[in-house]
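**Q** First the structure, then my questions, so here it is.
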Amino acid sequence: MRKSILFLSVASSAISLPLCALAQSDDHDHKDDIIIVTGSPIAHGEHDSIIAASVLTEEELASRGEASLGELLRHEPGVSSSFFGPAASRPIIRGLGGDRVGVLDAGIGSIDASSVSDDHAVAVEPATVERVEIVRGAATLYYGSSAAGGVVNVFDGRIPDATPEGGVDGALRTSLGSVDDSVEAAGSFDLLVGKIGSADLVLHGDGFFRNTDDYEVPGFAKSANLRAFEASQAGPGGRADEGAFGIVENSDMETKGGSIGGSIIFEDGYFGISGKVTRSNYAVPVEPLSLGREKLKLCASISNRTASISWAS
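If you want it as structure tokens, here you go:
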């Protein structure tokens, strides 16, 4: 028996006015600091800010190669992962998860069901992420009282905020994995397509694909303690089901999607619009329920569509 869940999310238009979305030059000693744009309405260098915030750059993110946002951030201080399988994993900050941790896509809510149902995937694709900002503490009150644990703001560059040098900029990422026979590919580009008066018209596009099988483990999928407990519950002469050996069942996934956007970039600001489609079909590695000789397999299928508009000056 296969349980399917269909999720459709549409944001027809959303207006974002980041008061300091543009990186500003810093005349003091920290000229190379990354500007924190989500924790305060006043731009501060990373080393000057009193806000508990951390930033992951594109180079750091590319070296991690995780399939979900929770796994991507779980090595950061104070951050762990809910982990309902490789595909469904949400950040937990300082012990708080669910709707107590806000997940934003360039300042706009990610628009998914992961905050109320842990086995739903976050509608943010790590393969196309350019920067992640993690904000903790009192600064999260900018996003409402529910985000008490923290805020994770993900930037994927769907709405260009600067003209690419030389008129074109792009990236391509591919990876292969042996533990789950995974294949992943992602690419993006920014292209200067023309001018409108003195303003530049920049087009953005990106796409990604990921496919994995059940991943391998060195031994039983169940822990030794769980197997011993089940054996004790089976009674004299009883025999507990030791579960799968060598693989974790229901840990496969297939995810694909892409986005297209564009911006009119002025000398002191920009106006842009974009749309994104993500389709993910994945299994959740829960313990099967035995009903005679039948076993249930829990799977999820998620379709997510978003559109956003951004303006800054």
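The sequence shown maps to residues -8 to 304 in this note's numbering.
Cβ atoms here follow ideal geometry from the backbone N, Cα and C, with glycine treated the same way.
Per DSSP, Asp197 forms a beta bridge with which residues?
**A** BP columns for Asp197 point to Ser179 and Ser250.
**Q** Between Ile125 and Glu67, is the Cβ-Cβ spacing less than 8 Å?
**A** yes
**Q** What does the Cβ neighbour count give for Phe236, buried or exposed, with the cut at 16 atoms within 10 Å?
**A** exposed
**Q** My output table needs one value for Ala112: the three-state DSSP class, helix, strand or coil.
**A** coil
**Q** In this structure, what does DSSP give as the bridge partners for Glu258?
**A** DSSP output for Glu258 lists no bridge partner at all.
**Q** Label Lys267 either buried or exposed according to how many other C-beta atoms from any shown protein chain fall within 10 Å of its C-beta, with 16 as the threshold for buried.
**A** buried
**Q** For Val142 versus Gly93, is the C-beta spacing smaller than 8 Å?
**A** yes
**Q** For Ile33, is the classification buried or exposed, using 16 other Cβ atoms within 10 angstroms of its Cβ as the cut-off for buried?
**A** The predicted position of Ile33 is uncertain, since its pLDDT is 47 and thus under 50; no value can be drawn from it.
**Q** Going by C-alpha to C-alpha distance, which of Ala53, Val120, Ala58 and Ser59 sits closest to Ala97?
**A** Val120
**Q** Going by DSSP in three states, Pro117 sits in which element: helix, strand or coil?
**A** helix
**Q** Could you spell out where the alpha helix (DSSP H) holding Ser223 opens and where it closes?
**A** Ala215 to Gln224
**Q** Output yes or no for whether 8 Å exceeds the beta carbon distance between Ala78 and Ser59.
**A** yes
**Q** For Arg85 and Gly140, which I take to be in contact (beta-carbon distance under 8 Å), what is that distance rounded to the nearest angstrom?
**A** The Cβ separation is near 6 Å, so the contact holds.
**Q** Which term fits Ser307, buried or exposed, when burial requires 16 or more other beta carbons within 10 angstroms of its beta carbon?
**A** Because the chain is modelled from -8 through 304, residue 307 falls outside the range shown and cannot be assessed.
**Q** Taking only the alpha-carbon atoms, compute the straight-line gap between Val145 and Ala53 and give it to the nearest angstrom.
**A** 14 Å
**Q** Taking DSSP as the reference, what is the three-state secondary structure of Asp171?
**A** coil
**Q** So, under 8 Å CB-CB, Gly263 and Pro151 are touching, yes? Tell me the CB distance rounded to an integer number of Å.
**A** 6 Å between Cβ atoms; contact.
**Q** Pull the bridge partners of Asn241 from the DSSP assignment, please.
**A** Looking at the DSSP assignment, Asn241 forms no beta bridge with any residue, so it has no partner.
**Q** Measure how close the beta-carbons of Met244 and Thr203 come, nearest whole angstrom, since I'm counting them as under 8 Å.
**A** 5 Å
**Q** Of all the options Ser72, Ser189, Ser242 and Leu63, which has the alpha carbon lying nearest to the alpha carbon of Glu207?
**A** Ser242
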